[in-house]
Amino acid sequence: MELEADAAEARGRRDRRADRAFRGLLWLAALFVLLALGGTAVSLTWGGREAFATFGPGFLTSSEWNPAERRFGALVPVYGTLVTSLLAMLLAVPVSFGIALFLTEIAPGWLRAPVAAAIELLAAIPSIIYGMWGLFVFVPFMAQHVEPWLIERMGPLPLLGVLFRGAPLGIGMLTGGVILGIMVIPFVSSVMHEVFSVVPATLKESAYALGCTTWEVVRDIVLPTTRTAVGGGIFLGMGRALGETMAVTFVLGNTHNLSLSLLDPGNSIAAAIANEFTEADSGLYLSSLIALGLVLFAVTFLVLAAAKLLLLRLERAAGG
Amino acid sequence: MRVLVSQNALYLRRRLANAVAMALASAATAFGLLWLVWILWVTLRNGFEALGPRLFLDSTPPPGAEGGLANALYGSLLMVSLALGIGAPIGVAAGAFLAEIGRNGRLAATIRFLNDILLSAPSIVLGLFVYELLVRPMGRFSALAGAVSLALILLPVVVRTTDEMLQLVPISVRESALSLGLPQWKVTLHILFRAARAGITTGVLLAVARISGETAPLLFTALNNQYWSTDLLAPMANVPVVIFQFAMSPYADWQRLAWAGALVVTLFVLLASVLARSLLRGKAAP
């Protein structure tokens, strides 16, 4: 009797010890996530310190990028990153909204799953494939069919015309922005699709009962209820677009000239790093590229954090 | 009578607005699918043209010569496996922490938040991190560094799906097991993981699909290698970087090989994603 109780107690102690070790192990693994993000921030700051020390805050405002004279400024890549991402969102947001609307309100039941899966496949295609397709197929297409038309029709316009001047090379911000837009469509549309489909049926049915058309239900019921989450989806797509590398590296042209025209070759932070990293011949050059990486990391972190906060608000509301 | 007419006009206008909106939404969907078809068609057509047995037997050639992608395929396979070996256990363990120990606490919420950011963070930046972490101290590019950077990209995907899939297991399962006197580690390993196996496998497969086409972080970790190499501490060829280098080159032979590589990667990635989804659907249905 005594022996049995002892054995049970020993067993309990052993289990508790094993449990403590188990929990510690899992905790350590979870810490890796924090280490990965924290380590990235610290190592990029460390790697970019030479550039920050040399150029100070002027690093962000200078458009000069001259490896021969070792003078580096981030303005052109930062500008290119922002412009291509904005173009991408201009394309991706309305299209994604249309896709989400189609999937939740229009498509017959049997069509929904296959179409949703096909759109998600767009996200599965590796970005280097987008880049290659862009370089060999889409750039010539833009150069022959789209850009001459834009230059002819839009170029002479006042104000807006500045964006559409130059030669129809095919490579440039416009092409990069369109490809980025296609790449982020699946991310934005899947968030919109998801939140549209959790709008309570009673809300929609009440509106239909009052005689609303489908479009009126979407505009006046679905969109207002899901506004913050839709914003979150848009920010999520934006975060993706800002950091996307290979697809734009192929088609941007990698020049460090600041140009207002969307048809001129440009650059982006990610493309500059990808193109020039292995060519960097001085410590300062390398450090400037890593400093560019830090700028990109900081911007995407903020955009993605905003996205996550907006999405969390809906989750909390839905969870009660 | 007049009231009726104006009401009819209003009704027509509303119907018209509705029809326009629905037509635009359908057009947007067709627009999205158009790109998918276009890109896949171009990749398949160009890739099949360049396909042949030498692709899998010969190493990458110098410009103008015949060759294949054997060394790059081997390198990719090795680095992806290594990344899987490093990232998947840590990811599953971290996901189990979130679902089983952290639960709704503040620490778990913070980790989930940051994990989601890591999930969408630019891969090129993670590559720079590994460059500073491994390549610079070791003094050279290496396959190991490439694998670690891929593991960093795989990690958040696995963490998130493991967390979500474990949370789907009903709480009563945990309670029944614990009430039998089982310690938590046995409950987690033997019962919860078994219940969530299909979901976790899906997450791992999706993560593998994602890293097998990943290029940017490999540019400054594994770099590239013209020759067959099995040395983990030396630069190693891999399909994405070879595609990048060959596609950007002016040589027609190299561009053909790039298309062949693109086809192989795309087929692999699509197969993995479709397989992952069907796994999950088979599980979720009953």
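Line by line, the protein sequences give chains A and B.
Positions 1066 to 1385 (our numbering) are the ones given, in order, by the first sequence.
Positions 2 to 287 (our numbering) are the ones given, in order, by the second sequence.
Cβ atoms here follow ideal geometry from the backbone N, Cα and C, with glycine treated the same way.
task: Round the Cβ separation of residue 281(B) and residue 196(B) to the nearest angstrom and send it over; I've been treating them as touching at under 8 Å.
output: A Cβ-Cβ separation of about 14 Å leaves residue 281(B) out of contact with residue 196(B) under the 8 Å criterion.
task: Kindly indicate which three-state DSSP category residue 142(B) falls into: helix, strand or coil?
output: Three-state DSSP puts residue 142(B) in coil, outside helix and strand.
- prompt: Opposite residue 1131(A) in the DSSP bridges: which residues?
  reply: Answer is 1136(A), bridged to residue 1131(A).
task: Let me know if residue 172(B) comes out buried or exposed under the rule of 16 or more other beta-carbons within 10 Å of its beta-carbon.
output: Around the beta carbon of residue 172(B), fewer than 16 other beta carbons lie within 10 angstroms, which makes this residue exposed.
message: Is it buried or exposed, residue 116(B), if we count other Cβ atoms within 10 angstroms and call 16 or more buried?
response: Label assigned to residue 116(B): buried.
task: Taking C-beta pairs closer than 7 Å, name the residues in chain B that residue 1182(A) reaches, listed in chain order.
output: For residue 1182(A), the C-beta contacts it makes with chain B under 7 Å involve 278, in order along the chain.
query: Would you call the CB atoms of residue 155(B) and residue 89(B) closer than 8 Å?
result: Yes. Within cutoff.
Where residue 228(B) falls: helix, strand or coil (DSSP): Residue 228(B) falls in the coil class under three-state DSSP.
- request: For residue 1243(A), name the three-state secondary structure that DSSP assigns.
  value: Reduced to three states, the DSSP call for residue 1243(A) is helix.
query: For residue 139(B), does the count of other Cβ atoms within 10 angstroms reach 16, so buried, or fall short, so exposed?
result: So residue 139(B) ends up on the exposed side.
query: Looking at the structure shown, is residue 1(B) part of a helix, part of a strand, or coil, going by DSSP?
result: For chain B, the structure presents residues 2 to 287; residue 1(B) sits outside this window and is missing.
query: Would you report the Cα separation of residue 165(B) and residue 177(B), rounded to the nearest angstrom?
result: The straight-line gap from Cα to Cα measures roughly 21 Å.
- prompt: Along the chain, where does the alpha helix (DSSP H) that runs through residue 134(B) open and close?
  reply: For residue 134(B), no alpha helix (DSSP H) run applies, since DSSP gives it neither H nor E.
Contact set between residue 1190(A) and chain B, taken where Cβ atoms lie within less than 9 Å: Correct list: 37, 40, 41, 44, 214, 267, 270 and 271.
message: Report the start-end ranges of each beta strand (DSSP E) in the stretch 235-282 of chain B that is 3 residues or longer and not cut off at the edges.
response: The DSSP assignment places no complete run of the beta strand (DSSP E) inside the stretch 235-282 of chain B (cut-off: 3 residues).
query: Can you name, in chain order, every residue of its own chain whose Cβ lies under 7 Å from the Cβ of residue 119(B), other than the five neighbours on each side?
result: Here the set comprises 157.
query: Under 8 Å between the Cβ atoms of residue 1171(A) and residue 31(B)?
result: Cβ distance not < 8 Å, so residue 1171(A) and residue 31(B) don't count as in contact.
- prompt: Which bits of chain A does residue 160(B) rub up against, with CB to CB less than 7 Å?
  reply: Per Cβ cutoff of 7 Å: 1098.
query: CB-CB under 7 Å to residue 202(B), same chain, minus the five flanking residues each way: which ones, in chain order?
result: Result list for residue 202(B): 280, in chain order.
- request: Decide if residue 161(B) is buried, meaning its Cβ has at least 16 other Cβ atoms within 10 Å, or exposed.
  value: That one is buried.
- request: Anything in the stretch 161-173 of chain B with a Cβ closer than 8 Å to a Cβ of chain A? List those residues in chain order, please.
  value: Listed by position, the residues of the stretch 161-173 of chain B near chain A (Cβ gap below 8 Å) amount to none.
query: Under the rule that 16 or more other beta-carbon atoms within 10 Å means buried, what is residue 277(B), buried or exposed?
result: So residue 277(B) counts as buried.
field: Min CB distance residue 243(B) to chain A below 8 Å
entry: With its beta carbon at least 8 Å from every one in chain A, residue 243(B) lies outside the interface.
query: In terms of residues, what are the limits of the alpha helix (DSSP H) holding residue 1300(A)?
result: That run of the alpha helix (DSSP H) goes 1288-1308.
task: Would you kindly check if the distance between the Cβ of residue 1307(A) and the Cβ of residue 1243(A) is under 8 Å?
output: No, the Cβ-Cβ distance between residue 1243(A) and residue 1307(A) is not below 8 Å.
query: Secondary structure at residue 1212(A), three-state DSSP: helix, strand or coil?
result: It is helical.
Cα-Cα separation between residue 1146(A) and residue 1332(A), rounded to whole angstroms: Between residue 1146(A) and residue 1332(A), the C-alpha separation is close to 7 Å.
task: Indicate whether the contact test is met: 3 or more Cβ pairs, each with one atom in the stretch 1090-1104 of chain A and one in the stretch 1323-1339 of chain A, closer than 8 Å.
output: No: the two stretches stay apart, fewer than three of their Cβ pairs being nearer than 8 Å.
field: Backbone CA spacing between residue 241(B) and residue 1112(A) [nearest angstrom]
entry: Those two C-alpha atoms are separated by around 26 Å.
message: Can you pull the chain A neighbours of residue 313(B), defined as C-beta to C-beta under 8 Å?
response: Because residue 313(B) is not part of the residues shown, which for chain B are 2 to 287, the question remains open.
- request: Using a Cβ cut-off of 8 Å (strictly closer), state whether residue 1198(A) contacts chain B.
  value: Output row for residue 1198(A): interface = yes.
query: What is the C-beta distance between residue 136(B) and residue 142(B), in whole angstroms, given that I count them as a contact (C-beta under 8 Å)?
result: The beta-carbon distance between residue 136(B) and residue 142(B), rounded to whole angstroms, is 6 Å. This is short enough to meet the 8 Å contact definition.
query: Who are the near neighbours of residue 1320(A) in its chain, counting only those whose CB is closer than 6 Å to its CB and skipping five residues on each side?
result: These residues qualify, in order along the chain: 1330.
message: Residues of chain B with CB closer than 8 Å to the CB of residue 1195(A), please, in chain order.
response: Within 8 Å of the CB of residue 1195(A), the CB atoms of chain B belong to 40, in sequence order along the chain.
Near-chain A residues of the stretch 224-249 of chain B (beta-carbon distance less than 8 Å), N- to C-terminal order: Within the stretch 224-249 of chain B, the residues whose Cβ lies closer than 8 Å to some Cβ of chain A are 224, 241, 244, 245, 248 and 249, listed in chain order.
- prompt: Along the chain, which unbroken stretches of the beta strand (DSSP E) at least 3 residues long are found entirely within the stretch 1076-1117 of chain A?
  reply: You should have found no qualifying run.
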